[in-house]
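This report refers to the structure that appears directly beneath it.
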Ligand SMILES: [Zn+2]
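Residue numbers (the numbering used here): 1 to 209.
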């Protein structure tokens with residue numbers, strides 16, 4: 001004979017297990033909103049990342065992730081590989097300019113300092129955002145950098161001449177490209193936010209937050 005009370009207990013235990021997931025964005029233990037359909041989207045109430053209610057998510061365990069991934073949002077190889085890839089043009093560019101005897105400290109600082117600061121900031125913020133939102137932010141940041149770069153070339157004629165000697169686009173084209181990138185990134189982020197706003201939020205369990 002099976003005790004009906006036991007079945008009740010078993011069911012409620014299973015219920016809790018099925019309805020709670022680990023947030024891949026921030027690691028919070030989340031209670032999936034009641035009655036949420038399979039494959040339906042929802043957001044994490046803590047980090048607001050958009051998630052899909054499916055088997056893949058239910059199998060995901062935050063603690064199975066590498067400690068580095070949990071802290072930084074990507075593996076060391078991916079994060080540093082991406083960072084290295086995004087700054088490699090700087091030494092190449094400076095070497096070429098240097099060989100022509102045109103490299104000045106002011107020019108190098110103007111080009112590199114804000115760029116490196118931006119990359120550093122993007123790297124640090126990787127853990128706080130979903131990949132989609134982070135890419136939008138990256139687009140917008142690169143756009144703002146281009147606007148800045150074009151603006152500086154416009155302000156300082158020597159720098160503009162130096163740039164022009166490389167067959168590079170003129171400052172107006174750079175500013176235009178920057179505005180396009182910034183707009184694309186901002187639209188992407190806004191679309192993500194407006195989508196997230198319409199989705200149900202999964203609250204965190206007290207004990208794990
Ligand atoms: Zn989260």
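Glycine is no exception: its CB is placed at the ideal position from the N, C-alpha and C atoms.
Residue i (DSSP reduced to helix, strand or coil)
i	result
residue 41	strand
residue 96	helix
residue 204	strand
residue 77	helix
residue 28	coil
residue 66	coil
residue 51	strand
residue 21	strand
residue 170	coil
Contact under 8 angstroms by Cβ, residue i with residue j
i	j	result
residue 153	residue 179	no
residue 118	residue 141	yes
residue 102	residue 162	yes
residue 31	residue 205	yes
residue 79	residue 123	yes
residue 38	residue 54	yes
Closest by C-alpha distance to residue i, when choosing among the options
i	options	result
residue 125	176, 71, 191	71
residue 115	135, 102, 129, 90	90
residue 171	78, 107, 57, 146	146
Span separating the alpha-carbon of residue i from that of residue j
i	j	result
residue 28	residue 76	22 angstroms
residue 138	residue 113	17 angstroms
residue 34	residue 42	11 angstroms
residue 60	residue 129	18 angstroms
residue 94	residue 84	16 angstroms
Are three or more beta carbon pairs between the stretch 38–53 and the stretch 20–27 nearer than 8 angstroms?
Touching, yes.
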